[in-house]
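First the structure, in the form of structure tokens, and then the observations on it.
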């Protein structure tokens, strides 16, 4: 049976596993990520590949797919900028190919995870999927016509940095009003903090869950309070959900996908988030009286999505 | 030599011509568009095809491509909604195929024109192009990975209806703050009117060119005044150009194209428009310190773009 | 008993009556407003004053107060600009004084009506009142420290033209995003129209009350539908009420009044409007956790407020 | 000659001096501010008053005026909330009166300083003045009809917390889009930081003046760079000046003052700030084609304004 190896390079660890054509992963191994040294990183990944091959000596390993933090060029070969890895203009495909003697594909990790959702997760069966990751910031990936669309220079899908509010909140990218300042996990925490300042009573339960200190409120506390039915926490999710839905409406105007897949830490709240998101999307999308509305779903594959997607991309 | 027939169905006339593989069109014929009757429309188009075949009896006509006003479904067969044509759910591909006995492809006219620009015009040589048409409203088309991206239901590229201002100007679509309320020909005229109201002196030349009445100002008068160096008209282009550039910055964050092609009546102003657009784009695009900036170019093919694009799409 | 005559000059008619120190008006007479001729207007007002004096021959008439459409200078003497009256730089106080041989005070009509509310209506008992008139547009008047505040040039209180949305809806004043584009009667009708376009089902009852045509929807139909409990009409009032409340929150930050008095045609909806307005105000005013919230009340004096206020201002 | 004592209570020190009817101050004494103890604070102020009386034994001291950090109630007697002083609901007038046996007036320090500018500084000669203080945040004071307008509950003039951008930048008050997030010293620094992130070259000189670290940029460095002609710093002032002018335009619509007086640390930049502010104000104020524009001036009295204003208020 034909299989591939998928590798997920994060800021702190490298995870690798063997995947079959149905997206099933096995034998996952993990190593710490070396920082600022492309050769060392290639050594670690090469070693992980060897381990996996030894583990399944009989397997027919066709290729290695790597999903990595940072920007990857359009040729899927070079890590152009990987701030979390301390790398820049790193010819990683070539370095790894020399070590493993197999075809290698390098891809951005968000793209790899999104691809996994399209092939085997919440987006399976559709050729037009936009994946949005609501973590600390907001990331994205665009699949159209069944293909992962990477843009001319490999940086398509930076949906967190399209502008939703002129002169809006400052963004770390140097712009103002970027979507991620309104629709991310950090935005959710910001809503809770605003409430704690302006109307402290409504934030009491969240502050309590945060150990008594408003500054200590995290996404988890807000989610838990909302699940308990707390009015203030529910209002925070409604506010963020409104912005998520608005952004999806804009993306629908531009891309007309069949499915939106929502991942990232904020999506752990499930229906608490999805309800306001779908409601907002339906109220804001252009042509809503006549068009077929895209579906909005929560990502299904969790933390292994990166390995699965990278492995599958290596097959193509 | 293998050729195709391209047809451009507008609200008032049907134009058709024969195109070769290099996008050269000849023998263009024109007929009035019948309204509200799909059979009559197919008759007119069928007749035009026959005329062209008769004109070039020896040509090897491989297929017919139709670009039409209105929304076309994802199968490129049915005009889902063509308000200007008085049609809805019209199975036009089938109707025409029966008349011409050739393969038929039906496409939205903006998509057809955009495709022409990518193949033979301002976007040639690139596989990642976003076309934006600044007419009365704002339309668009997305080419990624060398393919025209139509979305799941055929309505991708409605870039004029993504929102740039929360609670902004009313749009005919029922939403507020749509890009086309800020970046279109109508927006340009609005800028001139605002100036005529608030600071009449600065609008004097434009009012003069409009025959003495501010309400009569049209895009042409603004363009002409700007070309003469009129300060007020130049300010109008700067204001609209700012919004065009901002929108391109958002589209670049999402799609990362290599080229933006700007068409439509407002683009007749050429560098008067392009200057402010490029300036605004460069000041607003996320990652501008490090990324390669997409090029912004004026469309080249003019009014025949629809025929050329439809003809070429029929070949594929 | 000491009395004064109050005059209300509108675009179509002049109304005048005798008022006592308790703001009670009697013997109201009405005449058509002559257009574009200050002498003729002074004749009409002078004649009305004579009529009233004849009617109550024994009364001790101390002065005449005039509230007029248009801008009045800070000396309360000249109609600087009265577009609806066809007048400009009109020395109306002097003209009228010569005819009636009584002290004359000229005031803007919105200020006069607001003053009446402060003295005898919804604002009585308070020295810090902001009146907001929600008519076709939005007007206002500011009473602080018990005094009508007219500003240095007589144009204070133009609250309808402070900006609530950067790059927002076009305003007839040549600016964008003025409050009156969001909080006026016209804005209410706009909400209904947007709904009719984007989600026709929700606007059905309003369209029906407007005689079957969305373009014919007026404030009255929206109010009536909302009073019947119609969901769409209620949403229109919620949207406009949200903006009214937001504006009051901004005015409270700047002026810290004790009472807001809401007048104009939109205020006929009473609690249908007040509910959303108070709710929005309470959610948006700065310092809401600790400050005393200003009260929000509907104007009480109706169409005679102009006469009452002008008469009372003449006493001071 | 009749004189009064003015006291300025800040978060770190208490300053007091004797002022004559022309606003001249002499014999200023300073003491550290005791925190969180109203009796101790009254002791310190009482002691300062005694010192000043001893210094000028022959003077006819008529009253004591106190300008203090924090909110003061409408009766000018109680410090309702003085976060920087650690006080709340502090009956300071009564406490001080018992110690000094003179009439006492307590006023907010921003109001006191504004009053000084109106009486003896940049606003002298006008009865309609709005003072705006551009410090870390944005404060304000409103003088209309020759009277300091304090509102019903003493908190008028909180102009920094009226909203200029819906869904704009987070404010410490719990709201979003407050003017002070766009027009303050902190906003100026923010502009410089944004530039350093998004277009580092344009921020080089400011970073250099800040000792090589963008995070260390302060207002002083931006002012100095702008005075040297640095393009990036000038752009920062233009951006903030645009917002200041916009806010003045809104305040002019509501209050129609004759003069705006701009104080606070940002105003140290003088014409570097005033140029963009006046330009923005003139482009945005409603009715700009016909109205008399309010003048915009820099405050003149510097750090003694608080003492001068408090002393003068005590006279009235």
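Residue numbers (our numbering), protein chains in the order written: chain A, 1 to 316; chain B, 1001 to 1316; chain C, 2001 to 2316; chain D, 3001 to 3316.
Each residue gets a CB set at the ideal place from its N, CA and C atoms; glycine is no exception.
Exercise. What do you reckon, are the CB atoms on residue 1032(B) and residue 1040(B) nearer than 8 Å?
Worked result: Taking the second chain and counting its residues from 1, the one referred to as residue 1032(B) is at position 32. Taking the second chain and counting its residues from 1, the one referred to as residue 1040(B) is at position 40. Their beta carbons are not under 8 Å apart, which means residue 1032(B) does not touch residue 1040(B) by this criterion.
Problem set entry | Spatial distance of residue 134(A) from residue 247(A) (CA atoms) | Walking along the first chain from the start, residue 134(A) turns up at place 134. Walking along the first chain from the start, residue 247(A) turns up at place 247. When rounded, the distance between both Cα atoms is 12 Å.
Exercise. So what does DSSP say about residue 108(A), is it helix, strand or coil?
Worked result: Position 108 of the first chain holds residue 108(A). Residue 108(A) falls in the strand class under three-state DSSP.
Problem set entry | Presumed contact (8 Å Cβ cut-off) between residue 1320(B) and residue 1042(B), rounded CB distance | Since the displayed chain B opens at 1001 and closes at 1316, residue 1320(B) lies outside it and no answer follows.
Problem set entry | Under 8 Å between C-beta atoms of residue 1071(B) and residue 1038(B) | Taking the first residue of the second chain as 1, we reach residue 1071(B) at position 71. Taking the first residue of the second chain as 1, we reach residue 1038(B) at position 38. The answer is no: Cβ separation not under 8 Å.
For this session: Run down chain A in chain order and give the residues with a C-beta less than 9 Å from the C-beta of residue 2166(C).
Result: Walking along the third chain from the start, residue 2166(C) turns up at place 166. What residue 2166(C) touches in chain A: 166 and 167.
For this session: Identify every run of the alpha helix (DSSP H) within the stretch 1223 to 1298 of chain B, keeping only runs that are complete inside it and at least 4 residues long; order them along the chain.
Result: 1231 to 1255 and 1271 to 1284
For this session: Please confirm whether residue 1173(B) and residue 290(A) have their CB atoms less than 8 Å apart.
Result: Here residue 1173(B) is taken as the residue at index 173 of the second chain, counted from 1. Here residue 290(A) is taken as the residue at index 290 of the first chain, counted from 1. Against a cut-off of 8 Å, the Cβ pair of residue 290(A) and residue 1173(B) comes out as no contact.
Exercise. List, in order along the chain, the chain C residues whose C-beta lies closer than 8 Å to that of residue 199(A)?
Worked result: On the first chain, position 199 is the one that residue 199(A) refers to. Here the neighbours are 2288 and 2289.
Exercise. Do you know how far the Cα of residue 1311(B) is from the Cα of residue 1304(B)?
Worked result: Position 304 of the second chain, counted from the start, is the residue given in the question as residue 1304(B). Position 311 of the second chain, counted from the start, is the residue given in the question as residue 1311(B). Each residue's Cα considered, the two are about 11 Å apart.
Problem set entry | residue 3166(D) (DSSP reduced to helix, strand or coil) | Position 166 of the fourth chain, counted from the start, is the residue given in the question as residue 3166(D). If DSSP states are grouped into helix, strand and coil, residue 3166(D) belongs with coil.
Exercise. Which partner residues of residue 1019(B) appear in the DSSP bridge assignment?
Worked result: As a first step, residue 1019(B) is located in the second chain; it is residue number 19 there, counting from the start. According to DSSP, which records beta bridges pairwise, residue 1019(B) is partnered with 1004(B) and 1025(B).
Exercise. How do the stretch 2094 to 2106 of chain C and the stretch 2114 to 2132 of chain C stand: do at least 3 beta-carbon pairs fall below 8 Å, yes or no?
Worked result: no
Problem set entry | Members of the stretch 1106 to 1117 of chain B that neighbour chain A once the beta carbon cut-off is set at 7 Å | none
Exercise. If we ignore side chains and look at the alpha-carbon of each, how far apart do residue 2179(C) and residue 229(A) end up?
Worked result: Along the third chain, read from residue 1 onward, the residue named residue 2179(C) stands at position 179. Along the first chain, read from residue 1 onward, the residue named residue 229(A) stands at position 229. Distance between the alpha carbons of residue 2179(C) and residue 229(A) is about 36 Å.
Exercise. Would you say residue 175(A) faces chain B, with C-beta separation under 8 Å as the test?
Worked result: If you number the first chain from 1, residue 175(A) lands on position 175. Closer than 8 Å to some Cβ of chain B, the Cβ of residue 175(A) qualifies, so yes.
Exercise. Could one say the Cβ of residue 3292(D) lies closer than 8 Å to chain C's Cβ atoms, at least one of them?
Worked result: As a working note, residue 3292(D) is residue 292 in the fourth chain. Residue 3292(D) counts as touching chain C.
Problem set entry | Contact the stretch 206 to 217 of chain A vs the stretch 240 to 258 of chain A: 3+ CB pairs below 8 Å | no
Problem set entry | Identity of the residues DSSP links to residue 30(A) by a beta bridge | Position 30 of the first chain, counted from the start, is the residue given in the question as residue 30(A). Partner(s): 15(A).
For this session: Ignore the nearest five residues each way along the sequence and tell me which others in residue 82(A)'s own chain have a CB closer than 6 Å to its CB.
Result: The residue labelled residue 82(A) in the question sits at position 82 within the first chain. Hits under 6 Å: 69 and 70.
Exercise. Assuming residue 2067(C) contacts residue 2108(C) under a Cβ cut-off of 8 Å, what Cβ separation, rounded to an integer in Å, is found between them?
Worked result: Taking the first residue of the third chain as 1, we reach residue 2067(C) at position 67. Taking the first residue of the third chain as 1, we reach residue 2108(C) at position 108. Sure, about 7 Å apart at Cβ, within 8 Å.
For this session: Within the stretch 2031 to 2112 of chain C, note down every full alpha helix (DSSP H) run reaching 4 residues or more, in order along the chain.
Result: 2038 to 2055 and 2092 to 2100
For this session: Would you list the residues sitting across from residue 147(A) in a DSSP beta bridge?
Result: Walking along the first chain from the start, residue 147(A) turns up at place 147. In DSSP, residue 147(A) forms a bridge with 144(A).
For this session: Spatial neighbours of residue 186(A) within its chain, please: CB distance less than 6 Å, with the 5 preceding and 5 following residues excluded, ordered by chain position.
Result: Here residue 186(A) refers to the residue found at position 186 when the first chain is read from its first residue. Contacts found: 136.
For this session: Just confirm the distance between the C-beta atoms of residue 3122(D) and residue 3297(D), as a whole number of angstroms; I'd bet it's less than 8 Å.
Result: Locating residue 3122(D) in the fourth chain gives position 122, counting from the first residue. Locating residue 3297(D) in the fourth chain gives position 297, counting from the first residue. Indeed, because the Cβ distance is near 4 Å, the residues count as touching under 8 Å.
Exercise. Using the C-alpha atoms, what's the distance from residue 3047(D) back to residue 2997(D)?
Worked result: Residue 2997(D) is absent from the structure shown; chain D starts at 3001 and stops at 3316.
Exercise. Any contact of the stretch 158 to 171 of chain A with the stretch 1158 to 1166 of chain B, i.e. 3+ C-beta pairs under 8 Å?
Worked result: yes
Exercise. Relative to chain D, which residues along the stretch 236 to 247 of chain A have a C-beta separation below 7 Å, given in chain order?
Worked result: none
Exercise. If you draw a straight line from the C-alpha of residue 1142(B) to the C-alpha of residue 3131(D), how long is it?
Worked result: Here residue 1142(B) refers to the residue found at position 142 when the second chain is read from its first residue. Here residue 3131(D) refers to the residue found at position 131 when the fourth chain is read from its first residue. Approximately 52 Å between the Cα atoms of the pair.
Exercise. Is residue 3215(D) buried or exposed, if buried means 16 or more other CB atoms sit within 10 Å of its CB?
Worked result: As a first step, residue 3215(D) must be located in the fourth chain, where it is residue number 215. Exposed.
Problem set entry | Reduced DSSP secondary structure (H/G/I, E/B, other) of residue 3172(D) | In the fourth chain, residue 3172(D) corresponds to position 172, counting from 1. Here residue 3172(D) sits in coil by DSSP.
Problem set entry | Neighbourhood of residue 177(A) by C-beta distance below 8 Å, restricted to the same chain and skipping five residues each side | Stepping through the first chain from its first residue, residue 177(A) is reached at position 177. Only 163, 164, 165, 166, 167, 168, 169 and 171 meet the Cβ criterion.
Exercise. Among the residues of its own chain, which have a CB less than 8 Å from the CB of residue 2025(C), if the five just before and after it don't count?
Worked result: Looking up residue 2025(C) in the third chain gives position 25. Hits under 8 Å: 2006, 2017, 2018, 2019, 2304, 2307, 2308 and 2311.
Exercise. Who does residue 3159(D) pair with in a DSSP beta bridge?
Worked result: The residue given as residue 3159(D) occupies position 159 in the fourth chain. Residue 3159(D) is not bridged to any residue.
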